[in-house]
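Contents: one structure, followed by commentary.
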Amino acid sequence: MVSACVIGTQIRLLTPFFVRKMGTADNHRSAPTCRNGSETMTAEFSVVKDPRLSMTAEGYRQQFELLRELTASLGKVNTTVNRIRRLKHRLWALAGGPEDGEHDLTAEAEAVAAKLTAVEAVLVDIHRESERDVLRNPARLSDTLLALISTVSLADNAPTKQAAAVSAEIMAQVDAEIGEFERLATTEVAALDRLALGREVGAASGG
């Protein structure tokens, strides 16, 4: 059990992604601790760069910084998609409300939901149902971010200019789509919420 814990720690630390904030990429000492009931064992070891690689400490830093930015961008995509789906659920509830003509918000709710779906479809593949759909459908921003993370993390060199440029372009597209979502949420969705509330108050008061 202790050996497995130590080996697992070594594997994680030896990957370039985790070689960071060392001061130097050539040597880093670590002392993981494993507990088994009341027994505690510590094994100290050094993490060193593969001598066959020419990657410098600056190269590792650049790789880590780009990976951190790409991962953060993917996190924003996932958070935004979750928010979109929650809002669409609310809109569908409005669309399925009373169809009495005067208080019916179906058309308005469906129109706003369609705009949210358009943003969602740029961020992720909304039609994906199986792993094979990755090949059937065009890649979305989330797919491209995952591919960039894989490419940058597996490289034994600092990110290339091309990788950095493509990453910056994709992350800018993500920010633009999130900005469009925020605009919809604070304008059209908020306006529909106020309209629904006003109609509910009017209906309750007999107006």
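Okay, so the sequence shown: first residue is 947 according to this note's numbering, each after it adds one. Every residue gets a Cβ at the ideal spot worked out from N, C-alpha and C, and that includes glycine.
Tell me which residues share the same chain as residue i and place their Cβ nearer than 6 Å to its Cβ, disregarding the 5 neighbours each side in the sequence.
i	result
Ala971	Because Ala971 carries a pLDDT of 44, less than 50, the predicted location of this residue cannot be relied on, and no value is offered for it.
Ala1041	Thr1052, Ala1055, Glu1056
At the level of alpha carbons, what is the spacing between residue i and residue j?
i	j	result
Arg1078	Glu1015	28 Å
Pro1105	Ser1088	20 Å
Ile1072	Leu1062	12 Å
Lys967	Met1001	The predicted model places Lys967 with a pLDDT of 40, which falls under 50 and marks its position as unreliable, so this point remains unresolved.
Phe1127	Pro1084	21 Å
Leu1070	Leu999	A small fix is needed here, since residue 1070 is Val in this sequence, not Leu. Roughly 36 Å separates the two Cα atoms.
Pro997	Asn1103	13 Å
His1035	Asn1024	17 Å
Val993	Arg1032	45 Å
Val1027	Val1120	11 Å
Going by the DSSP bridge assignment, what does residue i pair with across the sheet?
i	result
Asn982	Glu985
For residue i, which residues of its own chain have a beta-carbon under 7 Å away from its beta-carbon, when the five flanking residues on both sides are left out?
i	result
Ala1142	Leu1040, Leu1051
Leu942	Residue coverage of the chain in this structure runs from 947 to 1153, which leaves residue 942 outside it and unanswerable.
Ile1116	Leu1087, Thr1090, Leu1091, Leu1094
Val1068	Arg1086, Leu1087, Glu1123
If I measure Cβ to Cβ from residue i and keep anything under 8 Å in the same chain, skipping five residues before and after, which residues do I get?
i	result
Leu1130	Val1058, Lys1061, Leu1062, Val1065
Leu1037	Ala1055, Glu1056, Val1058, Ala1059, Leu1062, Val1135, Leu1138
Any alpha helix (DSSP H) of 4 or more consecutive residues that is wholly inside the stretch 1010–1054: none
Touching by the beta-carbon criterion (3+ pairs, under 8 Å), the stretch 1008–1025 and the stretch 1089–1100: yes
Contact the stretch 976–991 vs the stretch 1064–1082: 3+ CB pairs below 8 Å: no
Unbroken stretches of the beta strand (DSSP E), 3 residues or longer, contained in the stretch 1111–1150: none
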